[in-house]
Amino acid sequence: MSPKAVERILDYCEQKIARFEQSNNTGLMEIRCYPNQGQYKVECWCGDLQNFLIAPEDLAVWKTTSLSRQRETLETVKQVITKLDSALFETFRLQQGYATISILHRGQDGEYGFLFCPSVIHGIKPC
């Protein structure tokens with residue numbers, strides 16, 4: 002179960018990613034995560050910029066599957082959104098809150114690519 006703030010992020014990303022598939026086109030979405038004034042900020046870049054905030058108290062109710070470290074074939078939007086939910090969870094619950102996530106849709110074969118790059122900042126305590 003994801004908090005409402007996370008659900009808004011996932012819904013937004015799902016709509017954007019589904020457009021890649023509908024137009025059978027190659028597309029890229031980049032998501033940046035970082036702490037911001039006592040909350041967590043998520044910036045989604047996909048033709049435009051959309052900002053989302055997640056309050057620390059929202060993180061307490063978040064339950065999701067763990068992020069797989071194995072290479073997986075991602076063929077549906079639902080698989081990508083599930084992986085994104087796990088990556089956001091790891092960023093904010095298990096890491097320091099800094100990460101870049103890239104999602105790519107290849108038009109020629111319809112597969113998705115997913116790159117998760119958490120950042121560890123030494124000398125900074127998690128919020």
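Just so you know, we're using the numbering used here here: the sequence shown kicks off at 2 and counts up by one. Every residue gets a Cβ at the ideal spot worked out from N, C-alpha and C, and that includes glycine. All of these numbers come straight from a predicted model, not from anything done at the bench.
Where does G108 land, buried or exposed, given buried means 16+ other C-beta within 10 angstroms?
exposed
Which same chain residues end up closer than 6 Å to Q96 when comparing Cβ atoms and leaving out the 5 residues on each side of it in sequence?
P119
Nearest-angstrom Cα separation, counted from N52 out to K5:
15 Å
In the DSSP output, which residue or residues are listed as bridge partners for V43?
C34 and F53
Could you tell me the alpha carbon to alpha carbon distance between Y35 and L89, rounded to whole angstroms?
11 Å
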